[in-house]
Every structure is written in structure tokens, then in C-alpha cells.
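Inspection log for the structure reproduced underneath, given as C-alpha cells.
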Amino acid sequence: MTTSAAPVAVLTPRQAERRRRILRASKALAARGGYEAVQMREVAETAHVALGTLYRYFPSKVHLLVAVMQEQLQQLHEQVRRHPPTGEDPAARVAETLTQAFHALQREPLLAEAMVRALSFADRSVSAEVDEVGGLTSAIILDAAQLGTPTAEQQAALRVIGHTWHATLLAWLSGRASLAEVRADLHTAARLLTLSQGS
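End of the sequence shown = 200 in the working numbering, gap-free, step of one.
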């Protein structure tokens, strides 16, 4: 049997506040100890909710940490909208935004590791939440690029940039890429937008 997290849109104000407490507790535990530190019972105790209540909101640790990632991306999206990047072209603006996001994740590497591991472990029951993560990533890149309505070629470039962002994050967390390599890969991927402008 597959289960999904409770839809956010139908929550009452009290339920929404409870959900925020759960996410705050999860984020704090992950930031201190990574993926393994996020245990459902401890999350419930830290958030001051019953364990059964926690499972009604989030059926598993993976659902929970993917939701934390959604929240982090929503905050980044709001930041990009409030303070748009100032690079001279779409590629420079996207590279600036993703590099800043990466530096923010560097400050809490255990939290980053927990979120990325959850995304990697996600099965079909978490597909809607994973799709939202992908959609938020694309929206952040699109708003950073300031393209207006992208062409088909630019949409393809945006998808590749999103894939590169997640892949470089995973490579850095696993020790397979240095910070310099991550920055170089992000800038290289972002230049696809410049190439697509000539299509």
C-alpha cells in the first residue's frame, strides 16, 4: 500500500501551525545529525505532537525530509523574487543564484545531506512531493534567468540546469566533487541558456 503526505492546501490554521512545528523539529534534528538523526519518535517529541499525528501528516521519514526540502526551496524562490540576481545575461544570473544557494547549503551540510538522501530514497509514494521539488527548482531557475516565456530550447536548458544542480550537490555531499568543481559545473550548465538564445 502506498501513502502520501497530507495535502497542505486543506489544512486549517491550527493544522498548518502543527505542520510547521514538525518541519522545524525535523530541520533542527537533521542539521545536528544528518539523515540518521531524524527519527519519527524524536521528531514527534520535539514538535510536541503525538506520534500518530506525525504519521498522519508525514507517512515516513522520506516524506518528512522531502517536505523540508520543499520548504527550503520555497524560501529560496521568495528570495529570488524579492532580490533578483543582477548578472548581465540569463546564464550569469542563474549561475549567481545557484552558487548562492549552494553556499547556503554549505553552512548546514548535515541538513543538505539529509534532504538529498531523502530525495534519492524516494519511491512512488513520494512522487507528488518529488515532482514539486523539481517544479520549484525549475521555477527558481526560470525566475533567476529573467527570460519571460522560455522557448522550447530554453525549457530544455532549464531542465538540464536543474538536473546538474541536484547532481553536483550529491557529488559534493559524497565527497566526489570539490567546491571549485561544483562552481565550474554550475556555470557551465548555466551557459546552456546563452547557447539556446541563438536557436
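We treat Cβ as the ideally placed atom computed from N, Cα and C, and that holds for glycine.
Between ALA51 and ALA26, is the Cβ-Cβ spacing less than 9 Å? In this structure, the beta-carbon distance from ALA51 to ALA26 does not fall below 9 Å.
Pick out whichever of GLU114, ALA105, GLN71 and VAL44 has its Cα sitting closest to the Cα of ALA172. That would be GLU114, whose Cα lies nearest to the Cα of ALA172.
Residue environment, HIS64, which counts as buried when at least 16 other CB atoms sit within 10 Å: Classification for HIS64: buried.
Entirely enclosed alpha helix (DSSP H) segments - the region 24-101, minimum 4 residues: The qualifying runs are 41-48, 52-58 and 62-83.
Would you check if the distance between the CB atom of GLU133 and the CB atom of GLN71 is smaller than 9 Å? Less than 9 Å separates the beta-carbon of GLU133 from that of GLN71.
Any chance the CB of HIS49 is under 8 Å from a heavy atom of the ligand MN? Only the bare structure without any ligand can be found here, which leaves the ligand MN out of the picture.
Nearest to TYR58 (by Cα), restricted to the options GLN16, GLY176 and PRO85: That would be GLN16, whose Cα lies nearest to the Cα of TYR58.
ASP124: which of SER197, VAL67, GLN40 and ARG177 sits nearest, CA to CA? From the listed residues SER197, VAL67, GLN40 and ARG177, the smallest Cα separation to ASP124 is found for VAL67.
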